[in-house]
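Here is the structure we will look at, set down as structure tokens.
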Amino acid sequence: MSDASPGGDATADRVFAALGDPTRRELLATLARDPGSTASRLAAGLPMSRQAVAKHLGALAAAGLVEPRREGRETRYRLTPEPLEPARAWMAEVEARWDTSLARLAERAREEP
Amino acid sequence: MSTVRREIVLPVGRERAWELLTDPAELERWLADEVDLEPEPGARVRAAWSGGEVREGVVETVEPAERLTFRWWDDRTGGERRERVESAVEWRLEPLRRGTRVVVVERRLGAGPVAWGPRLSALAGLAVAVLA
Numbered sequence: 148m149s150d151a152s153p154g155g156d157a158t159a160d161r162v163f164a165a166l167g168d169p170t171r172r173e174l175l176a177t178l179a180r181d182p183g184s185t186a187s188r189l190a191a192g193l194p195m196s197r198q199a200v201a202k203h204l205g206a207l208a209a210a211g212l213v214e215p216r217r218e219g220r221e222t223r224y225r226l227t228p229e230p231l232e233p234a235r236a237w238m239a240e241v242e243a244r245w246d247t248s249l250a251r252l253a254e255r256a257r258e259e260p
Numbered sequence: 002m003s004t005v006r007r008e009i010v011l012p013v014g015r016e017r018a019w020e021l022l023t024d025p026a027e028l029e030r031w032l033a034d035e036v037d038l039e040p041e042p043g044a045r046v047r048a049a050w051s052g053g054e055v056r057e058g059v060v061e062t063v064e065p066a067e068r069l070t071f072r073w074w075d076d077r078t079g080g081e082r083r084e085r086v087e088s089a090v091e092w093r094l095e096p097l098r099r100g101t102r103v104v105v106v107e108r109r110l111g112a113g114p115v116a117w118g119p120r121l122s123a124l125a126g127l128a129v130a131v132l133a
């Protein structure tokens, strides 16, 4: 069902925490479209400084969602979406469980008490 | 946290809907194969499925015929609190002209709030593509 590794659920928690900010979600979406962007280029599309964007990128990197790579004097970022998988799997599992339960609830409701 | 929201309309009135949500005999017909749940704050929750899954938890708030909330967690880890994945569940009844809507919200606890929209789901889909 979920990760067999002991850190599996802690990793998913870090992912959820990293994703809990709309700016960081925006950064991920932008990087999905424009892989290899620098913090400066990402900041150009947002109402905040390059330093602020760099902090958000740090949080995303800590969650394993982006990978920085130095190229000369620049650091470029690419999306590494693998850590999203446990989070996505948890959501899908919970949705499926409730869909099944609520269908049975509706069926029971249609019967005589 | 991440939040799952599901709803269904039941062709019954509010009182009967509340009974379906809080009577253990009824709960065992839709929630899980074995259910212990009393609509009392602090009451223990236990749900077991024939596949072997067991969830334990505790009831938090009870507003009769309106709302029930509880926390629960997967008990497979043997009860080690720091390892378990805990969720907060809310059941809410909304009376309609005909029938009652049941809204379920389950929030994963332990991290900041996340609202999953279509774009984020698409990003998550990237993970599947990368891993394939």
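So the protein sequences, as listed, match chains X and D.
When the count follows the numbering used here, it moves up by one through the first sequence with no breaks and lands on 260 for the last residue.
When the count follows the numbering used here, it moves up by one through the second sequence with no breaks and lands on 133 for the last residue.
Each residue gets a CB set at the ideal place from its N, CA and C atoms; glycine is no exception.
In whole angstroms, what separates the C-alpha of residue i from that of residue j?
i         : j         : result
Gly-52/D  : Trp-31/D  : 15 Å
Arg-251/X : Thr-70/D  : 20 Å
Val-59/D  : Leu-207/X : 34 Å
Val-213/X : Leu-204/X : 7 Å
Asp-181/X : Leu-174/X : 10 Å
Val-200/X : Val-5/D   : 29 Å
Phe-163/X : Glu-232/X : 11 Å
Arg-172/X : Leu-166/X : 6 Å
Leu-94/D  : Glu-229/X : 38 Å
Ile-9/D   : Glu-240/X : 18 Å
Trp-237/X : Asp-160/X : 11 Å
Glu-254/X : Asp-168/X : 39 Å
Thr-177/X : Gly-192/X : 9 Å
Below 8 Å on C-beta distance, what does residue i contact in chain D?
i         : result
Glu-242/X : Val-5 and Arg-7
Pro-215/X : Per Cβ cutoff of 8 Å: no residues; Pro-215/X is ~18 Å from chain D at best.
Keeping to the same chain, check which residues put their C-beta closer than 7 Å to that of residue i; ignore five residues upstream and five downstream.
i         : result
Ala-179/X : Leu-226
Ala-66/D  : Arg-15, Glu-16, Trp-19 and Leu-94
Ala-96/D  : The residue you asked about is not Ala; residue 96/D is Pro in the sequence shown. So the qualifying residues of the chain are Arg-15.
Which residues in the same chain have their Cβ closer than 6 Å to the Cβ of residue i, if we skip the five residues on either side of it in sequence?
i         : result
Glu-23/D  : The sequence shown places Thr at residue 23/D, rather than the Glu named in the question. Contacts found: Pro-40.
Arg-47/D  : Asp-37 and Glu-57
Pro-153/X : Residue confidence for Pro-153/X is low, a pLDDT of 37 falling below 50, so the modelled location carries little weight and cannot support an answer.
Arg-216/X : Arg-223
Arg-197/X : Ala-186, Ser-187 and Ala-190
Chain D beta carbons: is any one of them nearer than 8 Å to that of residue i?
i         : result
Asp-246/X : yes
Leu-207/X : no
Leu-174/X : no
Leu-271/X : In this structure chain X extends from 148 to 260, so residue 271/X is not present and cannot be described.
Leu-249/X : yes
Under the DSSP definition of a beta bridge, which residues are partnered with residue i?
i        : result
Val-90/D : Phe-71/D and Glu-107/D
Asp-37/D : Arg-47/D
Glu-16/D : Glu-16/D pairs with nothing; no bridge assigned.
Can you give me the Cβ contacts of residue i inside the same chain, cut-off strictly under 8 Å, excluding the 5 residues immediately before and after it?
i         : result
Thr-185/X : Glu-221, Thr-222, Arg-223 and Tyr-224
Met-195/X : Thr-170
Thr-62/D  : Pro-42, Arg-68, Leu-69 and Thr-70
For a contact meaning CB atoms closer than 9 Å, what does residue i contact in chain X?
i         : result
Pro-12/D  : Ala-253, Ala-256 and Arg-257
Val-105/D : Trp-245, Ser-248 and Leu-249
Starting from the beta carbon of residue i, find every residue of chain D whose beta carbon is closer than 7 Å, and list them in chain order.
i         : result
Ala-190/X : In chain order: nothing, as chain D lies at least about 20 Å away.
Pro-260/X : Arg-17
Mind listing the chain X neighbours of residue i? Cutoff is C-beta to C-beta under 7 Å, in chain order.
i        : result
Leu-32/D : Ser-248
Under 8 Å, Cβ to Cβ, is there at least one residue of chain X near residue i?
i         : result
Leu-21/D  : yes
Arg-93/D  : no
Arg-109/D : yes
Run down chain X in chain order and give the residues with a C-beta less than 8 Å from the C-beta of residue i.
i        : result
Glu-27/D : Arg-255
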